[in-house]
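Those protein sequences? They're chains B and C, same order as listed.
If you're matching positions, the first sequence starts at 8 in the numbering used here and goes up one per residue.
If you're matching positions, the second sequence starts at 220 in the numbering used here and goes up one per residue.
Just below is one structure, and these are the notes that go with it.
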Amino acid sequence: MTAPILCKDVEELLFELRRDEVSDIKRSAIDEHLSTCGECQELITKMGGLLDMASDGEPSLFADIDEDALFGRIESSIADDAAAPDARLDDVFTVARTSNGEPGPDFDRDELFERITGNLDQSNTADPLRSPRRPRRVWAAAVAAACIAVFVAWWTFSDDSSPIADPLPVKAPTVVAVDDTEAPAEETKSPQFEFPQLSTSPSSDESIRLFTAEDSEYRRLDEPGRSVVELESGSILIEYLTGQDSKFELKARGYTITVVGTVFYVTIDEDAPEITVFEGTVRVTSPDGSERTITGGEISDELNVQISAYVDLAAHRRALEEADQKAEAPSVEKPALEEPSVAEAPVEEEPEVVEELAPQPPSARELRRQALQAVHQGEFRRATTLLARALEKTEPDEQATADILLELARIHMRELDEPEQAADYLNRFLSQWPDDPAAEAIRSQLCAMSTVAESDDEMCP
Amino acid sequence: MSDDAELIKAAAAGDVKSFRKLYDRYLDQVTCTVGRYLGPGPDVEDVVQDVFVELHRSLDRVSDPDAFGGWVYRVARNVAISHGRKKSNSVNFVALQSFKEPTSQWGKLKAREKLRALYVALECLSDEQREAIIMYEIEGNTLQEIADATDTSINTIASRVRRGRKQLLKLVKRALSTSQQKTGEKA
Numbered sequence: 008m009t010a011p012i013l014c015k016d017v018e019e020l021l022f023e024l025r026r027d028e029v030s031d032i033k034r035s036a037i038d039e040h041l042s043t044c045g046e047c048q049e050l051i052t053k054m055g056g057l058l059d060m061a062s063d064g065e066p067s068l069f070a071d072i073d074e075d076a077l078f079g080r081i082e083s084s085i086a087d088d089a090a091a092p093d094a095r096l097d098d099v100f101t102v103a104r105t106s107n108g109e110p111g112p113d114f115d116r117d118e119l120f121e122r123i124t125g126n127l128d129q130s131n132t133a134d135p136l137r138s139p140r141r142p143r144r145v146w147a148a149a150v151a152a153a154c155i156a157v158f159v160a161w162w163t164f165s166d167d168s169s170p171i172a173d174p175l176p177v178k179a180p181t182v183v184a185v186d187d188t189e190a191p192a193e194e195t196k197s198p199q200f201e202f203p204q205l206s207t208s209p210s211s212d213e214s215i216r217l218f219t220a221e222d223s224e225y226r227r228l229d230e231p232g233r234s235v236v237e238l239e240s241g242s243i244l245i246e247y248l249t250g251q252d253s254k255f256e257l258k259a260r261g262y263t264i265t266v267v268g269t270v271f272y273v274t275i276d277e278d279a280p281e282i283t284v285f286e287g288t289v290r291v292t293s294p295d296g297s298e299r300t301i302t303g304g305e306i307s308d309e310l311n312v313q314i315s316a317y318v319d320l321a322a323h324r325r326a327l328e329e330a331d332q333k334a335e336a337p338s339v340e341k342p343a344l345e346e347p348s349v350a351e352a353p354v355e356e357e358p359e360v361v362e363e364l365a366p367q368p369p370s371a372r373e374l375r376r377q378a379l380q381a382v383h384q385g386e387f388r389r390a391t392t393l394l395a396r397a398l399e400k401t402e403p404d405e406q407a408t409a410d411i412l413l414e415l416a417r418i419h420m421r422e423l424d425e426p427e428q429a430a431d432y433l434n435r436f437l438s439q440w441p442d443d444p445a446a447e448a449i450r451s452q453l454c455a456m457s458t459v460a461e462s463d464d465e466m467c468p
Numbered sequence: 220m221s222d223d224a225e226l227i228k229a230a231a232a233g234d235v236k237s238f239r240k241l242y243d244r245y246l247d248q249v250t251c252t253v254g255r256y257l258g259p260g261p262d263v264e265d266v267v268q269d270v271f272v273e274l275h276r277s278l279d280r281v282s283d284p285d286a287f288g289g290w291v292y293r294v295a296r297n298v299a300i301s302h303g304r305k306k307s308n309s310v311n312f313v314a315l316q317s318f319k320e321p322t323s324q325w326g327k328l329k330a331r332e333k334l335r336a337l338y339v340a341l342e343c344l345s346d347e348q349r350e351a352i353i354m355y356e357i358e359g360n361t362l363q364e365i366a367d368a369t370d371t372s373i374n375t376i377a378s379r380v381r382r383g384r385k386q387l388l389k390l391v392k393r394a395l396s397t398s399q400q401k402t403g404e405k406a
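As structure tokens, then:
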């Protein structure tokens, strides 16, 4: 005779039960316990259900992937990887074909022609076989890229009598604050909004790409094995490809910021110097020589470091990709790619490129991705703001609209306890898709909510 | 010679159509592998993209084309692990309030929400424990397979699974009691 099974025993055997790794005798004793213990039953059902869902879930449960679009991006990365001039036209053609050789659903003949002529024009200006275009999309791939964004107010340096900066004071940070109530949060978080008007500087060095504001002054002080940018005034966004043999340093106000790994953004403000590390690790050397390493997700009080939020790197990546594509169009006056040095590049040539390389406003898809991140971070109010903006960018009969409406309803109902708003979105869904498979469940949901909201609904029995 | 072998050979030589066929064949597997490591979220698609770029780079190193599926799995796993996951500040315990198989788009959204809660709970585990739990409980590998894949002793893996289970159970129990409290408050 076996000892009676207690809740504690069930918990200990819960995972074995799911894997069917308990003896028959134990199993029947557990079954007996479960027949009278609702709590254990619930625990087993839910824990097992979650693990089963993760284990057996369809791919669409994890992500809604547009297969052709994704393959297009993969192909772009691969093509840039190879960087073989004669492979590029293949790339242009094959992006628009499906696996069976037929034109894909997103096949845009005009765009394709533009891209082809863009490539041909580019080929004609130099040696068509020997002049590989700049592998722009290697940045978009961001396999191992580091980005540094540094703001330094220009007036900081108007006083030449203070060559060495003061240590970073500890005071309330004012930059990159996220305020849900006053402005769309991503506008303060995402670098494309912090740098709305930037021009790019040509560089012979493929491991570094610079974006600068018009009033920025900086110098390249490269040494063998070390890329150094010294920012004197203004703003600069630097993309640096890590994994190179050389190191990268940015100097500003006596501080040295060294890339240690992965992707990160740093913001230095004159009024309240602070460093915001979103992701990755940087090492900061103060003017007095002391060093500190800051990792994304950590907050350093000593350095007045504030972690505001994670940057939506994918959004940034895509914005750059779009900018790259525009820059590739034949009508665009591209910077001379063969320019040997950033410091020697004439500043007056920059403005024409500003508009072309300025990151684009986020698409509905990007807004949805940011909203999902917000949900993941528990920022539900921000998620609804983002989704509402995404909704404005989609067509009423688009599938994306349906998804957004449902997601908005779910968040309002589940997370924000706002059944009226949820009902509004659900009603919008039903008016557009009355025969959707989800419609019936939604109608019942609406009826349940009308009780919660203490309002009458004629649809409800 | 398997179908894969021919495609791998052609894709490694630069034939995009062949790579597209491999992509179509393995997209679901890669998405699931990445999704099981990261949970549902916006970063899954980006990591899937990185996996295929990495796969393309390594095509000429595939020594056994007949076992390409295993190769794909290992690359996907490695890329997903190296990608890591951003920590979340809040655990959406309410998501565990009820459990129902997804039957519609609405159901899918709810299922994702629950899965996210599971992955947030998994993030509370150490990296080693999380990896062990995902590989053992979610992917269904044996202890020996995990030990081989991670180059760790089987005893260490067993210990990580044991501790990970305990920790995960604690978190889910807490989540359940929190959601019950909330339900009670609403009622």
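Just so it is clear, CB atoms sit at the ideal spot from N, CA and C, and this is done for glycine as well.
No experiment lies behind these values; they were computed from the predicted model shown.
To the nearest angstrom, report how far apart residue i and residue j are at their CA atoms.
| i | j | result |
| --- | --- | --- |
| C:Glu332 | B:Asp87 | 37 Å |
| C:Lys329 | B:Phe387 | 15 Å |
| C:Gly260 | C:Tyr245 | 20 Å |
| C:Ile353 | B:Pro231 | 45 Å |
| B:Ala409 | B:Lys258 | 49 Å |
| C:Ala394 | B:Leu21 | 17 Å |
| B:Pro112 | B:Glu74 | With a pLDDT of 32 at B:Pro112, under the threshold of 50, the modelled position of that residue is not reliable, and the figure given next carries that caveat. So the alpha carbons of these two residues sit roughly 11 Å apart. |
| C:Leu387 | C:Leu341 | 7 Å |
| B:Ala407 | B:Ile72 | 12 Å |
| B:Asp31 | B:Cys14 | 18 Å |
| B:Glu256 | B:Thr263 | 7 Å |
| B:Glu23 | C:Asn297 | 27 Å |
| C:Lys392 | C:Val380 | 18 Å |
| B:Ala371 | B:Arg80 | 18 Å |
| C:Val281 | C:Gln248 | 18 Å |
| B:Arg144 | B:Ile85 | Reliability of the predicted coordinates at B:Arg144 is poor, the pLDDT of 28 falling under 50, and no value is obtained from them. |
For a cutoff of 8 Å on Cβ pairs, would you count residue i as touching chain B?
| i | result |
| --- | --- |
| C:Cys343 | no |
| C:Ile376 | no |
| C:Gln386 | no |
| C:Leu334 | yes |
| C:Leu246 | yes |
| C:Glu356 | yes |
| C:Glu264 | yes |
| C:Leu328 | yes |
| C:Lys392 | yes |
| C:Arg239 | yes |
Distance cutoff 8 Å, beta carbons only. Does residue i sit that close to anything in chain C?
| i | result |
| --- | --- |
| B:Leu21 | yes |
| B:Pro231 | no |
| B:Lys53 | yes |
| B:Leu58 | yes |
| B:Ala36 | no |
| B:Arg450 | no |
| B:Ala61 | yes |
| B:Ala70 | yes |
| B:Ile81 | yes |
| B:Trp161 | Reliability fails at B:Trp161, whose pLDDT of 24 lies under 50, so the model's placement of it is uncertain and no value is given. |
| B:Glu402 | no |
Using DSSP's beta-bridge definition, name the partner residues of residue i.
| i | result |
| --- | --- |
| C:Ser237 | According to DSSP, C:Ser237 bridges with nothing at all. |
| B:Glu230 | B:Arg233 |
Do residue i and residue j have their C-beta atoms closer together than 8 Å?
| i | j | result |
| --- | --- | --- |
| C:Val270 | B:Glu82 | no |
| B:Leu437 | B:Arg421 | no |
| C:Gly383 | C:Leu344 | yes |
| C:Glu264 | B:Leu77 | yes |
| B:Ala416 | B:Tyr432 | yes |
| C:Gly254 | B:Ala70 | yes |
| B:Leu50 | B:Arg25 | no |
| B:Pro403 | B:Gln428 | no |
| B:Gln377 | B:Leu398 | no |
| C:Val291 | C:Ser277 | no |
| B:Leu68 | C:Lys327 | yes |
Under the assumption that residue i contacts residue j (Cβ atoms under 8 Å), give the Cβ distance between them as a whole number of angstroms.
| i | j | result |
| --- | --- | --- |
| B:Ile418 | B:Val382 | 7 Å |
| B:Ala61 | C:Ile357 | 5 Å |
| C:Ala299 | C:Val266 | 6 Å |
| C:Cys251 | B:Pro426 | Not confirmed; about 35 Å, so no contact. |
| C:Ser237 | C:Ala224 | Going by Cβ atoms, the distance from C:Ser237 to C:Ala224 rounds to 11 Å, so no, they are not a contact pair. |
| C:Tyr355 | C:Gly258 | Contact flag wrong, Cβ pair sits at about 17 Å. |
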